[in-house]
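Shown next, in structure tokens, is the structure this report addresses.
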Amino acid sequence: MKNWLAQHGRVLLFTVHRFLATPVSSLLNILVIGIALSLPGGLYVLLQNIQGMAEQVAGTPQISVFLSMDASHDDIARINKQLKQHEAVGRVEFVPRDRALEQLKRTTGLADVIGGLTQNPLPDAFIVYPKKSDVQVLEVLRDELQKWPKLEHVQLDSDWVRKLEALLKFGRLAVLILAILLSFALVAVTFNTIRLQILTLRNEIEVSKLIGATNSFIRRPFLYFGLLQGLLGGVAAWLIIMMGIFLLNSSLAGLAQLYSSNFALHTLPAGDSLTLLCFSAWLGWLGAWLSMAQHLRQIEPR
Amino acid sequence: MISFNQVCKRYPGGYEALKSVTFDIAEGEMVFLTGHSGAGKSTLLNLIAAIERPNTGSVVVKGQNVASLKGGALPYLRRNLGLVFQDHKLLFDRSVFDNVMLPLQICGFDHRESAKRVRAALDKVGLLQREKANPIALSGGEQQRLCIARAIVNRPSILLADEPTGNLDMAYAADIMEIFKSFHQVGVTLLIATHDEGTLHRFGAHVLTLKHGELQPTSTGSGQA
Ligand SMILES: Nc1ncnc2c1ncn2[C@@H]1O[C@H](COP(=O)(O)OP(=O)(O)OP(=O)(O)O)[C@@H](O)[C@H]1O
Ligand SMILES: [Mg+2]
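For the protein sequence lines, the chains are A and B, in the order given.
Under the numbering used here, the very last position in the first sequence is 1660; numbers go up by exactly one each time.
Under the numbering used here, the very last position in the second sequence is 253; numbers go up by exactly one each time.
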């Protein structure tokens, strides 16, 4: 076992040497892999951030219930009672039409326009805070309320969050497609690197086979090479993403100040970083493996 | 240990390098293979190491029919063989020492034990002083001796040598033959292809003579003891 470890260690060391022997092409390969992976990776981070923001802004969802203009005091009391008794409802707030108008005057600066009105066009309303913020539960509640008499309109205030969510879902799909396409490109990059190596090391492979090397022995340093190149490419991608976020954040800082909020983009969390590195290393390994499968058979000693 | 039964080898292109060759080599025997250039000596050795496959007939090495051996089993056959190639097949991207190390690395030997063995093998062929050199800096004869060191470092039970003394002067050729003889004495089976008539007569071992791919009937015992 110790011997086995020592052998693999030596192969790894040998691979690192081989890697350093061609510093320029190694570096270029790492850069290509890094840039290609940082594209979907960076977009993913942005999407995650947007989703986080949306959740923050949306806060606890609420349902606005607007009553008909002809609703009487009794109706209001009845609806208030019914709402409070409903099992899905947590808290209910009544907004009389006069107060709604006051609020509109104050917040929108339309005081002149509103002042010209002869009667209040706004209905009485309830703001319902449900117990659970589950979208499905909210929709069921909304549909149920819609059927009650003397209610004009029921509006789910998190509608826009849902629309954004659908958009994000679409964005995530686009990132996934991009990632898959670029993954193919990365496998191709490693495939080609290993192909060139096999060609230059053809002699060594041939002699090793003559002396009794198994295919797995011959494959090992090449697979390690692919793995190492992929891993370093992943590290490059990670650095690019982190740097991009850092730059965006420093320019966002000025913007955030204008809105007097301390808004900043989150970086890649540890779990996702690890996934990125593993995936990229795996891609390199796969490219090397495919290349070996393709080219090793062609080298038979004579 | 090695037995050929009606082996024919036709190269792509139609040339028949071996025609119905049949012979047996017992365990521990030392046999010389001789014949004119192009007679098929290298071809015969290549068939034993499964570097080439026969068209018809069987090649049995250590009880295994090499002719029908699967690719995955080849490495393990070759680890039992020490191969001295006519064209040496050395690697010029590493030192003399590392060239001899390669077979031991392939078998996964312990590193320190391997280093000892490598030095012993290099010492045997008189190249210990050159262990750090690149093989490209060696003379033809030195390269040949390096190839021999690489073939014996693994202590194979069968040694196949293709013109191992082709580039050597008399003194070194005699030294190499002494090495082979010492292997013979510890029970290694040897098959040595050579032009060197002198050696043949001096050793008086079993001789196989090829002529245009055919084994000559008078092939045994030029001076067999
Ligand atoms: N790979 C090959 N393809 C086609 N013909 C070949 C091949 N290898 C050898 N031959 C032919 O087979 C014949 C025997 O070749 P081989 O190398 O076995 O001869 P040899 O006895 O070893 O000769 P030498 O003493 O010159 O090494 C030769 O005529 C050669 O031209
Ligand atoms: Mg030959």
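All C-beta atoms in this analysis are idealised placements derived from N, C-alpha and C, irrespective of residue type, glycine included.
Status (buried if at least 16 other CB within 10 Å, exposed otherwise) for residue i
i: glutamate 80 (chain B); result: buried
i: serine 167 (chain B); result: exposed
i: histidine 1431 (chain A); result: exposed
i: glutamate 1413 (chain A); result: exposed
i: proline 82 (chain B); result: buried
i: phenylalanine 211 (chain B); result: buried
i: glutamine 1443 (chain A); result: exposed
i: tryptophan 1647 (chain A); result: buried
i: isoleucine 1535 (chain A); result: exposed
i: tryptophan 1669 (chain A); result: Here chain A covers residues 1359 to 1660 and nothing more, so residue 1669 (chain A) does not appear.
i: tryptophan 1362 (chain A); result: exposed
i: cysteine 175 (chain B); result: buried
i: alanine 78 (chain B); result: buried
i: glycine 91 (chain B); result: exposed
i: leucine 1568 (chain A); result: buried
i: histidine 234 (chain B); result: buried
i: phenylalanine 32 (chain B); result: buried
i: tyrosine 43 (chain B); result: exposed
i: lysine 209 (chain B); result: exposed
i: valine 1547 (chain A); result: buried
i: phenylalanine 1542 (chain A); result: exposed
i: phenylalanine 1377 (chain A); result: buried
Below-8 Å beta-carbon distance, residue i vs any chain B residue
i: threonine 1373 (chain A); result: no
i: alanine 1646 (chain A); result: no
i: glutamine 1365 (chain A); result: yes
i: asparagine 1361 (chain A); result: yes
i: glycine 1399 (chain A); result: no
CB contact below 8 Å: residue i versus chain A
i: glycine 136 (chain B); result: yes
i: leucine 119 (chain B); result: yes
i: phenylalanine 131 (chain B); result: Residue 131 (chain B) is actually proline in this sequence, not phenylalanine. It does: the Cβ of proline 131 (chain B) has a partner Cβ on chain A nearer than 8 Å.
i: alanine 45 (chain B); result: no
Proximity test, residue i beta-carbon vs ligand 3 heavy atom, cut-off 7 Å
i: glutamine 172 (chain B); result: Ligand 3 is not part of this structure, which contains only ligand 1 and ligand 2.
Assigned secondary structure, residue i (DSSP; H/G/I helix, E/B strand, else coil)
i: glycine 1410 (chain A); result: helix
i: glycine 100 (chain B); result: helix
i: leucine 1462 (chain A); result: helix
i: aspartate 203 (chain B); result: helix
i: glycine 1642 (chain A); result: helix
i: glutamate 242 (chain B); result: strand
i: methionine 58 (chain B); result: strand
i: isoleucine 53 (chain B); result: strand
i: asparagine 74 (chain B); result: helix
i: alanine 233 (chain B); result: coil
i: glycine 66 (chain B); result: coil
i: glutamate 44 (chain B); result: strand
i: aspartate 1470 (chain A); result: helix
i: threonine 1633 (chain A); result: helix
i: arginine 81 (chain B); result: coil
i: leucine 1648 (chain A); result: helix
i: glutamine 213 (chain B); result: helix
i: glutamine 1477 (chain A); result: coil
Within the region 1505–1591 of chain A, ranges of the alpha helix (DSSP H) (whole runs, at least 4 residues) = 1517–1558 and 1560–1569, all fully within the region 1505–1591 of chain A.
request  = Return the residues of the region 87–111 of chain B that lie within a Cβ-Cβ distance of less than 9 Å from chain A, sorted by chain order.
outcome  = Gly99, Gly100, Leu102, Pro103, Tyr104, Leu105, Arg106, Arg107, Asn108, Leu109 and Leu111
task = Residues of the region 1547–1567 of chain A with a CB closer than 9 Å to any CB of chain B: list them in chain order, please.
result = Leu1559, Asn1561, Glu1562, Glu1564, Val1565, Ser1566 and Lys1567
request  = Taking a Cβ distance cut-off of 7 Å, strictly less, list which residues of the region 172–199 of chain B are near chain A, in chain order.
outcome  = none
request  = Return the residues of the region 1569–1600 of chain A that lie within a Cβ-Cβ distance of less than 7 Å from chain B, sorted by chain order.
outcome  = Ile1569, Gly1570, Ala1571, Thr1572 and Phe1575
Where the region 139–172 of chain B meets chain A: residues whose CB sits under 9 Å from a CB there = His139
query = What runs of the beta strand (DSSP E), each 3 residues or longer, lie entirely inside the region 102–173 of chain B?
reply = 109–112
Length-filtered (3 minimum) beta strand (DSSP E) runs lying within the region 1415–1458 of chain A = 1421–1425 and 1447–1453
message = Which residues of the region 75–87 of chain B have a Cβ closer than 9 Å to any Cβ of chain A? Give them in chain order.
response = When CB distances to chain A are screened at a threshold of 9 Å, the residues of the region 75–87 of chain B falling below it are Ala77, Ile79 and Glu80, in chain order.
Unbroken stretches of the alpha helix (DSSP H), 4 residues or longer, contained in the region 1368–1407 of chain A = none
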